[in-house]
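Visitor: My questions all concern the structure below.
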Amino acid sequence: MELVQQATLADSICDTRSRKIKQTFFNQMNTLLDWQPILFILKKHYTKGKSATGKPSYSGLLLFKMSLLQTWYGLSDYEVEDRVNDSISFSYFCGLPIDSVAPDHSTLSRFRSIMTKVEAYEPLFKEINRQLESHKIIVKTGAIIDASVIDTPLKPKGKTNYKVTQDREDEQEVEVTKEFSDSVDKEAAWIKKGGKYRFGYKKHHVTDNEGLVLGVLTTKASTNEIANLTEVLDTADLPKDIPLKADKGYQSKKNTEILKKRNLKNHILKKAYKNKPLTYWEKKFNKLIGKTRFKVERTFGGIKRWFSGGTARYRGLKKMHTQNMMEAICYNLYRSPGIIASNSKI
């Protein structure tokens, strides 16, 4: 009996501490962000009407804040509904009165579908980044690009012969010897990476030198990121004359010309070729660039570790882009208090 009481007391202490940590973070977000411009974008793309019962619909800002919570804590639509109803700190962050009930999971799902259809997450991402830049959290003195595969559980099962794209090689059409079932995400694709076959999508990030996300492009996994540098750079508003860092897989004559036309300094890692090893200075260059370039990989790892990212939650390219955009927004915001604290010590 005594052991049970001690465990209950410990749980209570941990829960109290957890609430304080959450509340501190939520207060930081409310202090950091000016919600009015965000609300303006939401009103432009998400028009409230009447619910089926004739009651006023929930505001877009409430639903967007629930989406933030959902991503930060890796929750499903059902789970975030329950947490907002059960947690004072969650409901307070959402601006939900204590005597009100949170929107149900179907309302949140419809909100995400509408916002995805009208491509509203892009302007939200840009507005939040604009605010972070005004606070000197995002600093565009350099940029890094890279891509990461997102696996989907909605993949073909059983033995089927496919023509699979090798990572970093020219894209091929996937040849299927039997029809995909309805349970398979038909917009995803196969890729062979690191000797393993993977099925899903690919997210392409442009980040600043600290790994904060400046631009996001979502493609099927088989897309060759070396050949779509222009499309990736178009997602980020980069100033001229800053260095662009990338791993050696992006090294090509075409990409060199692209960076030259955009007035970006070419800091792509040098690549050795057959009978042409790297020179001493090329090795020194790679080592110097590598000290910063790895931070984009840290971004992918942070999203996967903190938000249970790296796995597709939705079906289809557009909805997967929504997932990638929300994870990018949440990653930038999650790191912001630490960057502010670090800047204040300088």
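Under this note's numbering, the sequence shown is numbered contiguously, ending at residue 350.
Heads up, the beta-carbon is just placed ideally off N, CA and C, and yes, glycines get one too.
(1) Considering Cα atoms alone, identify which of Ile92, Ser80, Ile102 and Phe129 is closest to threonine 111.
(2) Quick one: is tryptophan 285 buried, meaning 16 or more other Cβ sit within 10 Å of its Cβ, or exposed?
(3) Check this for me: beta carbons of aspartate 150 and valine 300, under 7 Å apart or not?
(4) Would you say asparagine 133 and isoleucine 141 are within 7 Å of each other, going by their C-beta atoms?
(5) Given leucine 46, which residues of its chain have a CB within under 7 Å of its CB, disregarding the five upstream and five downstream residues?
(6) Thinking C-beta only, is methionine 70 closer than 7 Å to cysteine 98?
(7) What is the C-beta distance between alanine 316 and threonine 156, in whole angstroms, given that I count them as a contact (C-beta under 8 Å)?
(8) Can you name the start and end residues of the alpha helix (DSSP H) that asparagine 89 belongs to?
(9) If you check the beta carbons only, do histidine 208 and alanine 124 fall under 7 Å apart?
(10) Using the Cα positions of glutamate 131 and isoleucine 42, report the straight-line distance between them to the nearest angstrom.
(11) Report all residues from its chain with a CB closer than 6 Å to the CB of histidine 109; omit the five preceding and five following residues, and keep chain order.
(12) Below 8 Å on the Cβ atoms is my contact criterion, and I expect threonine 326 with arginine 87 to pass it. Report the Cβ-Cβ distance as a whole number of Å.
(13) Can you check which of these residues, Glu214, Glu191 and Val210, is closest to glycine 204 by C-alpha distance?
(14) Kindly give me the distance between the Cβ atoms of valine 302 and glycine 215, rounded to whole angstroms, as I take these residues to be in contact under 8 Å.
(15) By the DSSP assignment, the beta strand (DSSP E) with glycine 204 in it spans what residues?
(16) May I ask which residues mark the beginning and end of the alpha helix (DSSP H) holding serine 117?
(17) For isoleucine 195 versus serine 152, is the C-beta distance shorter than 7 Å?
(18) Using a Cβ distance threshold of 8 Å, determine whether the stretch 331-349 contacts the stretch 228-240, with at least three qualifying pairs required.
(19) Using a Cβ cut-off of 7 Å (strictly closer), state whether leucine 136 contacts chain E.
(20) By Cβ distance, which residues of its chain are closer than 8 Å to threonine 145, with the 5 residues on each side in sequence left out?
(21) Cβ of threonine 222 within 7 Å of Cβ of methionine 324?
(22) What are the boundary residues of the alpha helix (DSSP H) that includes threonine 303?
(23) Counting C-beta neighbours from all protein chains within 10 Å, is the total for leucine 136 16 or more, i.e. buried, or is it exposed?
(24) Quick check on DSSP: helix, strand or coil for tyrosine 96?
(25) Does the stretch 303-311 come within contact of the stretch 266-280, defined as at least 3 CB pairs closer than 8 Å?
(26) Measure the C-alpha to C-alpha separation of threonine 260 and serine 340 and round it to an integer number of angstroms.
Guide: Once the coordinates are examined:
(1) Ser80
(2) exposed
(3) Yes, they are a contact pair.
(4) no
(5) Gly64, Leu65 and Phe68
(6) Yes, the Cβ-Cβ distance between cysteine 98 and methionine 70 is below 7 Å.
(7) 4 Å
(8) It spans 81-90 - the alpha helix (DSSP H) in which asparagine 89 sits, taken as one unbroken run.
(9) no
(10) 7 Å
(11) Asp81, Tyr82 and Glu85
(12) At roughly 20 Å, the Cβ-Cβ gap does not stay under 8 Å, so threonine 326 and arginine 87 are not in contact.
(13) Glu191
(14) It should be noted that the sequence gives arginine, not valine, for residue 302. Between glycine 215 and arginine 302 the Cβ distance is about 5 Å, and since that is below 8 Å, they are a contact.
(15) 200-211
(16) 109-121
(17) no
(18) Segments in contact, no.
(19) Annotation note: the requested chain E is absent from the structure, which comprises a single protein chain.
(20) Asp212, Asn213 and Ile246
(21) yes
(22) 299-311
(23) buried
(24) helix
(25) Counting Cβ pairs under 8 Å, fewer than three are found: no touch.
(26) 33 Å
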